[in-house]
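To start, the structure itself, in structure tokens.
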Amino acid sequence: MIDRNTYKKLGAKIAYLRKSKRYSQERFAEKIDISEIYMGQIERGEANPTLEKLIAIAGALGVEMRELFTFSF
């Protein structure tokens, strides 16, 4: 079982990378074909994104997926 803190760290990293690319949450969610509400849940660590969505997120951000799990930033 994954600690909820891991979801929060993952979400914070995604939000950090998204903002560094100057995407609004709404525009980024549209780019990866999810709702803005779900994007917010991911970034707050409230949702458990599928592998498919993590691949889409990494691709849209232009990073390798392992970068999403590098929590020192």
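Under this note's numbering, the letters of the sequence shown match residues 319 to 391, in that order. The C-beta atom is built at its ideal place from N, Cα and C for all residues, glycine as well.
Backbone secondary structure at residue i - three-state DSSP
{"i": "ARG362", "result": "coil"}
{"i": "LYS331", "result": "helix"}
{"i": "ILE375", "result": "helix"}
{"i": "THR324", "result": "helix"}
{"i": "GLU382", "result": "coil"}
{"i": "SER338", "result": "helix"}
{"i": "PHE346", "result": "helix"}
{"i": "ILE355", "result": "helix"}
Distance CB(residue i)-CB(residue j) smaller than 9 Å
{"i": "ARG362", "j": "LYS326", "result": "yes"}
{"i": "ILE373", "j": "MET357", "result": "no"}
{"i": "ILE355", "j": "ILE375", "result": "no"}
{"i": "ILE352", "j": "LYS337", "result": "no"}
Whole-angstrom C-beta distance between residue j and residue i, which should lie under 8 Å
{"i": "LEU386", "j": "LYS331", "result": "6 Å"}
{"i": "ILE360", "j": "GLY329", "result": "5 Å"}
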